[in-house]
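Note sheet for the following structure.
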Amino acid sequence: MMVLRTLAGGEWRRPVRVALLVGAIGSVVVPGVRLWQETAAHQWRLLGLGTLARARLAAGADRYTLQRYQRAAGEVASLPLAAIAADPELDRTRRRLLGAAADAGWRGLGAGSAAALAALALLAGLRPYVYGSAGPLPPAPMRPPIRRTRAVLRGIAAGLRTALPRRAERLAGIPCPKEARQGHTLVVGAAGSGRTALIADLVAESRAQGGRCIVLDRTGACTRLLFDPARDTLLNPLDRRAAAWSPLRDGRGHDDFAAMAAALVPGPADAGRAAAALAARQLFAETAEALRPRIDHGRGDAGNGALLDLLLDPAPATLAGVLAGTPAWTALARAGPKVLPWARAILRHYLAALRFAQGEPFSIRDWVERGDGLLFLTGPDDPNGRLRGLVSAWLETALRAAMSLDPGGGRGLRVVVDGPEALHRLPSLLPALGAARGLGVPFVVGVEALGPLRARYGADGTATVSGLCATRVAMAAADDATAEWCSAAIGSESLAPAWRLRRLAPGRGVLRFPGRHDAVEFALDDARARGRAARFVPVDGAWMFLDATLAPAPAARTVPALRKAPAQTGGSAIKTGKPARPPEAAGTGNARPADGERPEFRRTGKRKRRRAGRWI
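Right, here's the structure in full:
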């Protein structure tokens, strides 16, 4: 009977009391935690008000007496008692809550019983024999009973904290149901509506749960709220805190470099500029693929400097030696000598920022496979779009890396794409949304307005984004078309009509979870993301680089122009010293480029304006 020895003196009364107390605490705490995670407050209010109405009718109250009733969160109305008692939603909510309470009760009973048995075994002195100690332990010095009981209770509490499930993830302060935690989320809101603050709170919630996120942060707002230099990574070659990314470290073959090139150089808006854009893509992909083996051999000339020297060097002899016999060089030779300067001008616009990169070498693919913390893809204060191509290439690389994971290998990884319409078209965005759920990688997509998204991905692509994002959040809409679209996506005539979405205050919105869940109104009152990091820490020369206008392509040779005399005089042509205006190439002019198009080459001269009948 040595194994079953009890406390000193052989008394069983005290361990049994403590075990029963621990079991009672577990039987109450576990159901409470489960109900707090799985149910919402408005469901309990609906059940309570409906039960009160039926009780008043049973007590003889007039069936037309008005009573306050809340059918959904934020939807309060005064209805007759008979209408409240006959509401079918009341019975559905009752069954749902009773089922959740019964399930939580059984879980609590099991947890309480297990905790009671564990406490009894611990107090009875079985712990040294469970761990295989040889023989009975020598009698320990007796502590006062109160101290001994407190120590035991602290140990039991620590075990319960470890065994109990974590706090459920919340969206805008509302607990997310189980089916919404691994699904995609769509957040639609105009600038200033609180969309970025809500996304930052969701990222902070994911970090608190031990997850990691890839965050597209075009404005730097999430960086200011969430960035921690000790555990996070930042990509922006113009930021002092950023890592030194190189496309040569993330390309595994021609397909990877071609995908980078497609995101880096956007497709032209018209056919007249297609040759230069296609040449720029081929030039980048073939040159990067040719330099990629230098990384494997550890050569020192395998960084961004070597890549940019080859791509942007005005002398084509060095480039010809590297690309001789490749499809890119064959296409450039066939297109003629005028295409290469234009292709290099496009690449200079989107790649020149890599010369500022400093810090440790970094690979997006390696981070997706085994990285930790948050990865910020930023490009704030970029009026001329000098960083837009790089940010698009980073996100495209991250999407392809996520899709290459094993099934279930992306558990704990979340991809946040706030403003995909502000980037170039990403070839992998729609396929990644479709395949990521099976990999365990949920997406959060933030959209400012419907029009730019349709212009970038078409009507079918926009419908695909909306259809794959089961959790939908609507905040203040930017225009009427976006408001109508959000109202149809939420599907609540009372909470989300189009006219109301146009008038929502900042920080307020309506969301709907997947499945048979009602739309819920929310307000961002208590934000989790409260960091105070700098939004942007520029390197030397960053502001000059961002504000500089792109130099024009090599101009044609200046030749004297002939000015003809008036026809009525019959005079001969008069030679003047004024140089002729070079022929304007396709796509050049003073018009501002559309979002996502390749850069325009503007004339730096000021345009004359007509005022008060005179040219000034």
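Going by the numbering used here, the sequence shown opens with residue 711, and the numbers climb by one from there.
Don't be surprised by glycine CBs; every beta carbon is placed ideally from N, CA and C.
- Spanning the alpha carbons of Gly-815 and Glu-889 requires a straight line of approximately 22 Å.
- One Cα belongs to Tyr-1167, the other to Val-1175, and the distance between them is close to 10 Å.
- For Ala-796, the three-state secondary structure derived from DSSP is coil.
- Judged by beta-carbon spacing, Leu-948 lies beyond the 7 Å limit of Trp-955, meaning their Cβ atoms are not closer than that value.
- Here Pro-1130 carries a helix assignment [DSSP, helix/strand/coil].
- The Cβ atoms of Gly-809 and Ser-737 do not sit closer than 7 Å to each other.
- For the pair Val-1127 and Leu-926, the CB atoms are nearer than the 7 Å cut-off.
- In this structure, the beta-carbon distance from Gly-1217 to Gly-904 falls below 7 Å.
- In this structure, DSSP gives Ala-954 an extended state, which the three-state scheme calls strand.
- Secondary structure at Leu-1097: coil, using DSSP grouped into helix, strand and coil.
- With fewer than 16 other Cβ atoms inside 10 Å of its own Cβ, Asp-1250 counts as exposed.
- Following the DSSP letters along the chain, one finds Phe-1255 in no beta strand (DSSP E) but inside the alpha helix (DSSP H) bounded by residues 1252-1257.
- Taking a C-beta distance under 7 Å as the contact criterion, Arg-1222 and Arg-1182 qualify as a contact pair.
- Secondary structure within the segment 1141-1185: the beta strand (DSSP E) runs of 3 or more consecutive residues, fully enclosed, are 1153-1157 and 1181-1184 (chain order).
- Listed in chain order, the beta strand (DSSP E) elements of length 3 or more contained wholly in the segment 885-931 are 895-898 and 922-927.
- Going by DSSP, Gly-1219 is part of the beta strand (DSSP E) stretching over 1218-1222.
- Residue His-1134 holds the alpha-carbon nearest to the alpha-carbon of Glu-1106 among Gly-1089, Asp-1116, Leu-1097 and His-1134.
- Per DSSP, the continuous alpha helix (DSSP H) segment holding Thr-1192 begins and ends at 1190-1200.
- For Phe-1072, the pairing in a beta bridge is given by DSSP as Trp-955.
- By the Cβ neighbour-count rule, Val-1032 is exposed, with fewer than 16 other Cβ atoms within 10 Å of its own.
- Ala-1229 places its beta carbon less than 7 Å from that of Leu-1205.
- Using a Cβ distance threshold of 7 Å, Pro-978 and Ala-984 count as a contacting pair.
- A direct Cα-to-Cα measurement between Gly-1219 and Arg-959 gives close to 42 Å.
- Counting other Cβ atoms within 10 Å of its Cβ, Gly-1120 reaches 16 or more and is therefore classed as buried.
- Closest option to His-1059, judged by alpha-carbon separation, among Asp-1082, Gly-1081 and Leu-1022: Leu-1022.
- In the assembly as shown, Glu-799 is an exposed residue. Its beta-carbon has fewer than 16 other beta-carbons within 10 Å.
- Put simply, of Ile-909, Ala-882, Ala-1000 and Ala-953 the residue whose alpha carbon is nearest the alpha carbon of Ala-968 is Ala-1000.
- Around the beta-carbon of Met-1254, fewer than 16 other beta-carbon atoms lie within 10 Å, marking it exposed.
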